[in-house]
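Worksheet: one structure, shown below.
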Amino acid sequence: MDNRSTHRIRAGWLIDGSGGPILKDRVISVESGMISDISTASEVRPGSGPVTDLSRCVILPVLVDSHVHLCMSGSVDPILRSGQLRAGYDALAPVIAEHLRHHFSHGVLAVRDGGDRLGSVLRYLQERQGRSENPVIVKSPGSAFHQDGRYGSLIGAPPRPGESLLQAWHTRPNRTDLVKIVNSGLNSMTRFGAQSPPQFTGSELGELVAEAKRCGCRVMVHANGRLPVQEAVQAGCDSIEHGFFMDRDTLDMMAEAGIFWVPTVYTMKAYAQHAGVCSAEIDPKVAEKNLQSQLQQLAYARDRGVEVALGTDSGSIGVLHGESMVEEMKLFMQAGYSLSEVIRCASEQGARLLGLQELGAIGVGKPAHFLVARGTPAQLPRKLSYLEAIYLNGLPSPLYRRDPDYTTLRAYEGVDFGGKVRY
Ligand SMILES: [Zn+2]
Numbered sequence: 002m003d004n005r006s007t008h009r010i011r012a013g014w015l016i017d018g019s020g021g022p023i024l025k026d027r028v029i030s031v032e033s034g035m036i037s038d039i040s041t042a043s044e045v046r047p048g049s050g051p052v053t054d055l056s057r058c059v060i061l062p063v064l065v066d067s068h069v070h071l072c073m074s075g076s077v078d079p080i081l082r083s084g085q086l087r088a089g090y091d092a093l094a095p096v097i098a099e100h101l102r103h104h105f106s107h108g109v110l111a112v113r114d115g116g117d118r119l120g121s122v123l124r125y126l127q128e129r130q131g132r133s134e135n136p137v138i139v140k141s142p143g144s145a146f147h148q149d150g151r152y153g154s155l156i157g158a159p160p161r162p163g164e165s166l167l168q169a170w171h172t173r174p175n176r177t178d179l180v181k182i183v184n185s186g187l188n189s190m191t192r193f194g195a196q197s198p199p200q201f202t203g204s205e206l207g208e209l210v211a212e213a214k215r216c217g218c219r220v221m222v223h224a225n226g227r228l229p230v231q232e233a234v235q236a237g238c239d240s241i242e243h244g245f246f247m248d249r250d251t252l253d254m255m256a257e258a259g260i261f262w263v264p265t266v267y268t269m270k271a272y273a274q275h276a277g278v279c280s281a282e283i284d285p286k287v288a289e290k291n292l293q294s295q296l297q298q299l300a301y302a303r304d305r306g307v308e309v310a311l312g313t314d315s316g317s318i319g320v321l322h323g324e325s326m327v328e329e330m331k332l333f334m335q336a337g338y339s340l341s342e343v344i345r346c347a348s349e350q351g352a353r354l355l356g357l358q359e360l361g362a363i364g365v366g367k368p369a370h371f372l373v374a375r376g377t378p379a380q381l382p383r384k385l386s387y388l389e390a391i392y393l394n395g396l397p398s399p400l401y402r403r404d405p406d407y408t409t410l411r412a413y414e415g416v417d418f419g420g421k422v423r424y
């Protein structure tokens, strides 16, 4: 089909990513790869150009995973995990490529990386720039900043002795428009609700955030517990990552300030499920309680209108790239989000958080990118793991190849998923 001509696509159901009601029987008109009109099927004149009939399908926006670690697999095998944590760039490059394929095959067209020790994701993107077929947009901060001697060495590095956080950012050779700060520890997996102190002072964080914003950069902060999160919120960061045990008053502050929260809920379910296999230091009962506490926070955030974006923390134990989107969505729905609301968190909200105007909700004037799931909305989010098609600029992407047994990525052999640089 000529990409420049107008054609129409009839959808049985449209979930547009705005969070509003699911629309039935809609016709999307596409002109030169852009959406020019969306009407009810009865409004469309018959005989005015070709129509692709997807009336037995749901159309929904392409997805954004706002928190991943492309250098880490979600494997529960401790030997493989420790190997990946120590691996150099040459070993990690094919791992990154495979994870990008997994994201694409689940309809995830943009990811925000949470950082890696050596900045390998950034190097990968730079080396593959312009020579790859990968349509997944990657935002990477390079490596994160953490305080010397505190949690974070797996995903970042500390400022040098005597250097402030701001100086460390200024002197970093490979800067992008995304900064990642680690401002607390991990959640305790043996003591429920135990909190760790902030890693940086409020003034250090504030100084960095102000300068980053002046330069048009965004700041994501790993923070669990009241003090580490409140400090980051007061500093004016763009998003709180994880945010376990931050409490309701902190969520009120975030609602007021319009700061995004990426709650990475599924990580705790995966810890609870895999505790015995991967580490003796995980008490599955504590992981389960952490999960329930986070679901309560999420329900409260929904009521208060906190800006929530969906991120999986893929690469964490048992959290697989691509397919974990469905698991995270199910937990959002357990916390009270409707299907339409959770799709908004995984599309429009993610696109806003990553600053990607071309993605997000489906609407007139936007590029005609969307996912096609066979069946009715009742089969979502499960069907995201078995998509019918991925439309990019109004046409089914030839890169999306349904694998008949859905167990391997054989279908993608020979496709270079090198990476599309966006930073
Ligand atoms: Zn993370």
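Going from the sequence shown to the numbering used here is simple: count from 1 and add 1.
In this text, a Cβ means the ideal position worked out from N, Cα and C, and glycines have one as well.
Nonlocal neighbours in the same chain, by C-beta distance under 8 angstroms from residue i, ignoring five residues either side
i       : result
His-103 : Leu-321, His-322, Gly-323, Glu-324 and Leu-410
Thr-7   : Ser-30, Val-31, Glu-32, Ser-37 and Gly-50
Ala-300 : Ala-336 and Gly-337
Lys-384 : Val-59, Ala-374, Arg-375 and Gly-376
Arg-173 : Gly-143
Per-residue DSSP class, three states only, for residue i
i       : result
Leu-61  : strand
Val-263 : strand
Gly-277 : helix
Arg-124 : helix
Arg-151 : coil
Gly-392 : The sequence given here has Tyr at residue 392, not Gly. DSSP places Tyr-392 in strand when its eight states are reduced to three.
Glu-242 : strand
Ile-97  : helix
Met-254 : helix
His-107 : coil
Residues near residue i by beta carbon distance below 7 angstroms, same chain, minus five either side
i       : result
Gly-420 : Because Gly-420 sits at a pLDDT of 43, beneath the cut-off of 50, its placement in the model cannot be relied upon, and the following sentence gives the value as read from the coordinates. Leu-101, Tyr-125, Leu-126, Arg-129, Ser-133, Asn-135 and Val-139, listed in sequence order.
Ala-362 : Asp-17, Gly-18, Ser-19, Pro-62, Ser-348 and Glu-349
Cys-218 : Asp-178, Leu-179 and Val-180
Leu-93  : Cys-72 and Ser-121
Arg-1   : Outside the shown range of the chain (2 to 424) lies residue 1, about which nothing can therefore be said.
Asp-21  : Per the sequence presented here, residue 21 reads as Gly, with Asp not at that position. Answer for Gly-21: Ser-341, listed in chain order.
Leu-64  : Gly-108, Val-109, Leu-110, Met-326, Ala-347 and Ser-348
Close-in-space but distant-in-sequence residues of the same chain around residue i (CB under 6 angstroms, 5 per side omitted)
i       : result
Pro-397 : Ala-390
Leu-15  : Leu-24, Arg-27 and Ile-60
Tyr-152 : Gly-186 and Leu-187
Leu-71  : Ile-97, His-100, Asp-114 and Val-122
Val-220 : Val-180, Val-210, Ala-213, Cys-238 and Asp-239
Pro-229 : Asn-184, Ser-185 and Pro-199
Whether residue i touches residue j by CB criterion (8 angstroms)
i       : j       : result
Gly-116 : Ser-144 : yes
Met-254 : Asp-66  : no
Val-234 : Ala-258 : yes
Ala-224 : Gly-194 : no
Gly-157 : Arg-118 : yes
Ala-369 : Gly-319 : no
Ala-310 : Leu-354 : yes
Pro-162 : His-147 : no
Phe-246 : Glu-308 : no
Glu-232 : Pro-199 : yes
Of the residues the options, the one placed nearest residue i, counting alpha carbons only
i       : options                               : result
Lys-367 : Arg-27, Glu-242 and Gly-34            : Gly-34
Gly-312 : Arg-11, Ile-260, Arg-375 and Asp-114  : Asp-114
Ala-111 : Val-137, Ala-94 and Gly-89            : Val-137
Ile-337 : Gly-306, Ile-318 and Glu-99           : Before going further, note that residue 337 is Gly rather than Ile in the sequence given. Closest by alpha carbon: Gly-306.
Ser-204 : Leu-167, Val-220 and Arg-402          : Leu-167
Met-330 : Ser-83, Ile-182 and Pro-264           : Pro-264
Ser-386 : Val-109, Gly-89, Pro-198 and Ile-39   : Val-109
Met-269 : Asp-248, Trp-262, Arg-249 and Leu-296 : Leu-296
Val-69  : Ser-315, His-243, Leu-381 and Leu-354 : Ser-315
Leu-1   : Asp-304, Ala-273 and Gly-364          : The structure shown does not extend to residue 1, since the chain is modelled only from 2 to 424, so the question has no answer here.
Val-266 : Asp-250, Gly-351 and Ser-317          : Ser-317
Ser-165 : Phe-261, Thr-251 and Leu-206          : Leu-206
**Request:** Give, in chain order, every unbroken run of the alpha helix (DSSP H) that is at least 4 residues long and sits entirely within the stretch 6–85.
**Result:** none
Any chance you could list the alpha helix (DSSP H) runs of at least 4 consecutive residues sitting entirely within the stretch 269–337, in chain order?
285–305 and 325–335
- Kindly provide the ranges of any beta strand (DSSP E) runs that are 3 or more residues long and lie completely inside the stretch 352–386, ordered along the chain. 371–375
3 or more residues per run - each beta strand (DSSP E) lying fully within the stretch 143–220:
179–183
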